[in-house]
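Novice: Residue numbers are given in my numbering: position 152 of the sequence shown equals residue 154, and the series is strictly consecutive.
Just so it is clear, CB atoms sit at the ideal spot from N, CA and C, and this is done for glycine as well.
Owing to the predicted nature of the structure, the values given are computational and were not obtained by experimental measurement.
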Amino acid sequence: MAKYINKPAILTALAVLAVVGVCIAQFGLNGHAEEREAPRRGTVPNAENPFDGARSYGYLKAICELGPRVSGSPGMSAQQEMLTQHFTKLGAKVTPQRFRYRHPQDGSAVEMANLIIEWNPEAKDRVLLCAHYDTRPYPDRDPQNPQGEFIGANDGGSGVALMMELGNLMSRLDPKLGVDFVLFDAEEFVFGPNDRYFLGSEYFARQYVAEPPAHKYRWAVLLDMVGDADLEIFQERNSLSWRESRPLIKEIWQTAARLGIDEFVDRPKYEIQDDHLRLYYTAKIPSVDVIDFDYPAWHTEADRPEACSAESLAKVGWVMHEWLKSTASQQ
3 MAKYINKPAI
13 LTALAVLAVV
23 GVCIAQFGLN
33 GHAEEREAPR
43 RGTVPNAENP
53 FDGARSYGYL
63 KAICELGPRV
73 SGSPGMSAQQ
83 EMLTQHFTKL
93 GAKVTPQRFR
103 YRHPQDGSAV
113 EMANLIIEWN
123 PEAKDRVLLC
133 AHYDTRPYPD
143 RDPQNPQGEF
153 IGANDGGSGV
163 ALMMELGNLM
173 SRLDPKLGVD
183 FVLFDAEEFV
193 FGPNDRYFLG
203 SEYFARQYVA
213 EPPAHKYRWA
223 VLLDMVGDAD
233 LEIFQERNSL
243 SWRESRPLIK
253 EIWQTAARLG
263 IDEFVDRPKY
273 EIQDDHLRLY
283 YTAKIPSVDV
293 IDFDYPAWHT
303 EADRPEACSA
313 ESLAKVGWVM
323 HEWLKSTASQ
333 Q
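1. Quick one: Cα of Thr97 to Cα of Ala207, how far?
2. According to DSSP, simplified to helix, strand and coil, what is Trp325?
3. Just curious, the beta strand (DSSP E) that Gly180 is in, first and last residue?
4. Look at Glu204 and Arg102 and say whether their C-beta atoms are less than 7 Å apart.
5. Using only CA atoms, which one of Ala231, Ser58, Glu83 lies nearest to Asp294?
6. Look up Phe101 in the DSSP assignment and say whether it is helix, strand or coil.
7. In whole angstroms, what separates the C-alpha of Ile263 from that of Ser73?
8. Within 10 Å of its beta-carbon, does Asp289 have 16 or more other beta-carbons around it, so buried, or fewer, so exposed?
9. Could you spell out where the beta strand (DSSP E) holding Met114 opens and where it closes?
10. What does the alpha-carbon distance come out to for the pair Leu242 and Arg248?
11. Do Gly77 and Leu85 come within 7 Å of each other at the CB atom, strictly closer than that value?
12. If the criterion is Cβ atoms closer than 7 Å, does the pair Pro106 and Asp197 meet it?
13. Which residue's Cα is closest to the Cα of Arg260: Pro148, Ala285, Ser328, Asp144?
14. Does any residue of chain B bring its CB to less than 7 Å from the CB of Phe200?
15. Considering only their Cβ atoms, is the gap separating Met227 from Tyr297 smaller than 7 Å?
16. By the 10 Å Cβ neighbour count, where 16 or more other Cβ atoms means buried, how is Gly109 classified, buried or exposed?
17. Using a threshold of 7 Å, state whether the C-beta atoms of Ile119 and Tyr219 are closer than that.
18. Is the distance from the Cβ of Trp221 to the Cβ of Leu179 below 7 Å?
19. For Ala17, which residues from the same chain have a beta carbon less than 8 Å from its beta carbon, with the 5 sequence-adjacent residues on both sides left out?
20. So, at 7 Å on beta carbons, what are the nonlocal neighbours of Ile65 in its own chain, with the 5 sequence-adjacent residues on each side left out?
21. In angstroms with no decimal places, state the Cα-to-Cα distance between Phe89 and Phe186.
22. So is the beta-carbon of Ala56 under 6 Å away from any non-hydrogen atom of the ligand ATP?
23. Tell me which same chain residues have a C-beta within less than 6 Å of the C-beta of Leu131, skipping the five on either side of it?
24. What's the call for Ser331, buried or exposed, on a 16-neighbour Cβ count within 10 Å?
25. As a quick exercise: from Met172, Tyr59, Gln209, Gly60, pick the residue whose alpha carbon is nearest that of Gln99.
26. Provide the residue span of the beta strand (DSSP E) that contains Lys286, from first to last.
27. In whole angstroms, give me the CA-to-CA distance for Phe342 and Leu201.
28. Less than 8 Å between the CB atoms is what I'm expecting for Leu233 and Lys317, so what's the real figure, rounded?
29. Apart from the five residues just before and just after Val321, which ones in its own chain have a Cβ nearer than 8 Å to its Cβ?
30. Thinking C-beta only, is His278 closer than 7 Å to Arg2?
31. Please name the residue, chosen from Ala188, Glu308, Thr284, Pro307, that lies closest to Met349 on a Cα-to-Cα basis.
32. Can you tell me whether DSSP reads Gln332 as helix, strand or coil?
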């Protein structure tokens, strides 16, 4: 993931805390300016939650077994084929949105594709769930092997695995609500500090403006790094700063509270640069980034399925499913 925090804002907050004598932990490997809070754990009653976390975790492992899924790589091609087959079998309309980008190292043309997965495609009232499905070329934050193999279980895999399981539940949704899953390619096709991020979401947003569809998205929810075994999801500061997106944040976090899932923490923490910025600023879609940024394995070789859990996927998946049901009922 290309995400990074707005460090000046956090440093200002730390200075204020220092004045009042609050002890702040030193920066660790991930550069996080706040000490991680003691985990707060809600329970997910299996009898009530229709989202199968174990099956979603199985999807996550299957994705990771493909190896790295760098844009334009054989691993990415294999993933695209797997996902197209999966969602088509569940009754969705799957369309690749193809584009090209020059490789930042050798200038060669790299074939890329966002995957647009439509449920109830005739519905004009639509919402968007999205995630990036590419992996970073290298685990550049790994202390031992920054040029090693990056599998990207949480960062690149968890949002996809969640949507794969959510697809099993889409037939239960009110058909008057249209839902699109969009998987962004090339979120972090970066090999150096000056390379561009968010290529897939930028292309999607520009096409949305240049060739307007028959519908307008009511909301967009970005799912990123939602499989962390030690789950904590704070409200992302950019999303919270946008007046049009605040009602969406309120709906999602209230849904989590109603379900007893207190891993959705009802306050902001990080300002994160992510795909949702392109959706909001370019496509003008009210957008929210649902992300757990307190993840020690971020951009390291340790970002593997063992760092994620079926329980975390079940909790986030349940919130998303219940939120979709609530959104459908508001029509």
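Specialist: Working from what's here:
1. 16 Å
2. helix
3. 180 to 186
4. no
5. Ala231
6. Correct three-state label for Phe101: strand.
7. 34 Å
8. The identity of residue 289 in the sequence shown is Ser, whereas the question assumes Asp. Counting other Cβ atoms within 10 Å of its Cβ, Ser289 reaches 16 or more and is therefore classed as buried.
9. 111 to 121
10. So the alpha carbons of these two residues sit roughly 6 Å apart.
11. no
12. yes
13. Ser328
14. The structure shown contains no chain B; it holds only a single protein chain.
15. yes
16. exposed
17. Going by C-beta atoms, Ile119 is not nearer than 7 Å to Tyr219.
18. no
19. Reliability fails at Ala17, whose pLDDT of 37 lies under 50, so the model's placement of it is uncertain and no value is given.
20. Gln81, Gly159, Val162, Ala163
21. 16 Å
22. The model depicted lacks the ligand ATP and carries no ligand whatsoever.
23. If we look at Leu131 and ignore the five residues flanking it on each side, its Cβ neighbours are Phe183, Val223.
24. exposed
25. Gln209
26. Segment: none, Lys286 is in no beta strand (DSSP E) and carries neither H nor E.
27. With the chain running from 3 to 333 in the structure shown, residue 342 is simply not present.
28. 7 Å
29. Result list for Val321: Ile254, Thr257, Ala258, Leu261, Ile263, Phe266, in chain order.
30. Absent from the model: residue 2. The displayed extent of the chain is 3 to 333, so no value can be given.
31. With the chain running from 3 to 333 in the structure shown, residue 349 is simply not present.
32. coil
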